[in-house]
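Peer 1: Residue 27 is where the sequence shown starts when you use my numbering, and the numbers rise one by one after that.
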Amino acid sequence: MERVDTPASLPARPSAGHKGTFGTALIVGGCAQATRMIGAPALAAVAAARAGAGLTRVLAPEPIINEILGIAAHATGVAVACDAGGMMDAQAAITAFDGQLEACQAIAIGPGLGLDATTRALAMRAAGQQRVAAVMDADALNALAEAREYWLDLRGQLILTPHPGEFRRLAAPLGITFDPTKADARADAAGEMARRLGAIVVLKGARTVVSDGQRVWTSDAAHACLATGGTGDVLAGLIAGLVAQHPPSPLPAMTGPARGPGLFDLACIAVEAHARAAAAWTQQHGADAGLLPMELADLLPAAVASLRA
27 MERVDTPASL PARPSAGHKG TFGTALIVGG CAQATRMIGA PALAAVAAAR
77 AGAGLTRVLA PEPIINEILG IAAHATGVAV ACDAGGMMDA QAAITAFDGQ
127 LEACQAIAIG PGLGLDATTR ALAMRAAGQQ RVAAVMDADA LNALAEAREY
177 WLDLRGQLIL TPHPGEFRRL AAPLGITFDP TKADARADAA GEMARRLGAI
227 VVLKGARTVV SDGQRVWTSD AAHACLATGG TGDVLAGLIA GLVAQHPPSP
277 LPAMTGPARG PGLFDLACIA VEAHARAAAA WTQQHGADAG LLPMELADLL
327 PAAVASLRA
């Protein structure tokens, strides 16, 4: 694989742009069952906006959608009906998801999603559609690991964001034996999975690795403050927010400037911006622990701006 030394730069943001210029990011997540996962999709939605997406939408179970939007007040909600136990109706969820595809330029699916028959169907719908690039995170990855019959039919333009545990669940049925926790194996691990699944893989952890199977970039950053719940949701939303602004062809036409970086470049830029935001937090607080994920999201605009050409 070609080793990439430095992430590409983002193009300058046009001063005459409007919200339609900068795309719509769709966040699919949240769980209304006993676990009540509300914060994860809200964090992803905030991060997408902080990355510069023009609009953000959240598709989530109806019983919790207002709570999510109470945290991410800039976003609009797409509520899915649930049964008495909080499980989303499968047909309603798929219909709602399909109805959003023409209006968005990027998807992040998985934050706080939970794992049941409906969420598995949603994850595979996202992975199989070809219209919009999709960031597969958290339980969307776990659904993908269980659905081996789909692996030869992943038609979409996908960015997978596993931590080492999620990586192992995806890797075992594929026969990938590289240890995702060993520094000298992480690039090969990400590259092999990217080749096998035809996706971009962001193998999270200290010195995150990004590969599309042909190229690999390893972050120099290792920030202990990121070792807390919610920072991965911020990264998923950040990637989606950047992709929404620079969607790959043949995704929906936008009114903005010519498309710039590709998905591999955008994933690398997102990881670098995430790390720079963490470094800024550490410098501000003089500490390597205690970060709240919303604080990380709030530091993204400056971090993203620092990576523009």
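For each residue, glycine too, the CB sits at the ideal point set by N, CA and C.
Can you tell me the Cα-Cα spacing of Phe-48 and Glu-128, whole angstroms?
Peer 2: Roughly 15 Å between the two C-alpha positions.
Peer 1: Between the region 187-194 and the region 223-233, can you find at least three pairs of beta-carbon atoms closer than 8 Å?
Peer 2: Judged by Cβ distances under 8 Å, the region 223-233 makes contact with the region 187-194, as three or more pairs qualify.
Peer 1: What's the call for Arg-212, buried or exposed, on a 16-neighbour Cβ count within 10 Å?
Peer 2: By the neighbour-count rule (16 or more Cβ atoms within 10 Å), Arg-212 is buried.
Peer 1: Where Thr-61 and Ala-304 are concerned, what is the direct C-alpha to C-alpha distance, given to the nearest angstrom?
Peer 2: Whole-angstrom Cα-Cα distance: 28 Å.
Peer 1: Just the Cα atoms here: how many angstroms apart are Gly-78 and Ala-86?
Peer 2: Using only the alpha carbons, I get a separation of about 22 Å.
Peer 1: Give a yes or no on whether the C-beta atoms belonging to Ala-132 and Ala-247 are separated by under 7 Å.
Peer 2: Contact flag unset, no.
Peer 1: With DSSP as the reference, identify every bridge partner of Val-72, one or two as the case may be.
Peer 2: Answer is none; Val-72 lacks a bridge partner.
Peer 1: Can you check which of these residues, Asp-163, Arg-157, Phe-123, Gln-155, is closest to Thr-144 by C-alpha distance?
Peer 2: With distances taken between Cα atoms, Thr-144 lies closest to Phe-123.
Peer 1: How long is the line joining the alpha carbons of Glu-28 and Ala-149, rounded to whole angstroms?
Peer 2: If I take the Cα positions, the gap works out to 31 Å.
Peer 1: Using the C-alpha atoms, what's the distance from Ala-164 back to Ala-323?
Peer 2: Distance between the alpha carbons of Ala-323 and Ala-164: 18 Å.
Peer 1: Please classify Gln-32: does DSSP put it in a helix, a strand, or coil?
Peer 2: With the sequence shown as reference, residue 32 is identified as Thr, and Gln is not the correct amino acid for it. Thr-32: coil per DSSP, three-state reduction.
Peer 1: Cα separation between Glu-298 and Ala-110?
Peer 2: For Glu-298 and Ala-110, the distance between alpha carbons rounds to 43 Å.
Peer 1: What is the residue span of the alpha helix (DSSP H) that Arg-83 lies within?
Peer 2: No alpha helix (DSSP H) contains Arg-83, which is instead part of the beta strand (DSSP E) from 81-87.
Peer 1: Ignoring anything shorter than 4 residues, give me the alpha helix (DSSP H) runs that lie fully in the region 284-318, in order along the chain.
Peer 2: For the region 284-318, whole alpha helix (DSSP H) runs of length 4 or above, ordered along the chain, are 289-311.
Peer 1: Going by DSSP, which residues form a beta bridge with Met-63?
Peer 2: Answer is Cys-57, bridged to Met-63.
Peer 1: Using DSSP with H/G/I as helix, E/B as strand and the rest coil, what is Ala-248?
Peer 2: Three-state result, Ala-248: coil.
Peer 1: Mapping the DSSP letters down to three states, classify Ala-38 as helix, strand or coil.
Peer 2: Three-state result, Ala-38: coil.
Peer 1: Between Ala-147 and the rest of its own chain, which residues show a CB-CB distance below 8 Å, the 5 nearest in sequence each way excluded?
Peer 2: Closer than 8 Å at Cβ, skipping near neighbours: Ala-116, Ala-119, Ile-120.
Peer 1: Who are Ile-185's beta bridge partners in DSSP?
Peer 2: DSSP output for Ile-185 lists Val-161, Ile-226 as bridge partner(s).
Peer 1: Return the CA-CA distance between Ala-38 and Val-269, expressed in angstroms with no decimal places.
Peer 2: Cα-Cα distance, rounded: 15 Å.
Peer 1: Can you check DSSP and say which residues form a bridge with Ala-51?
Peer 2: For Ala-51, which the question treats as bridged, DSSP gives the partners Thr-82, Ala-132.
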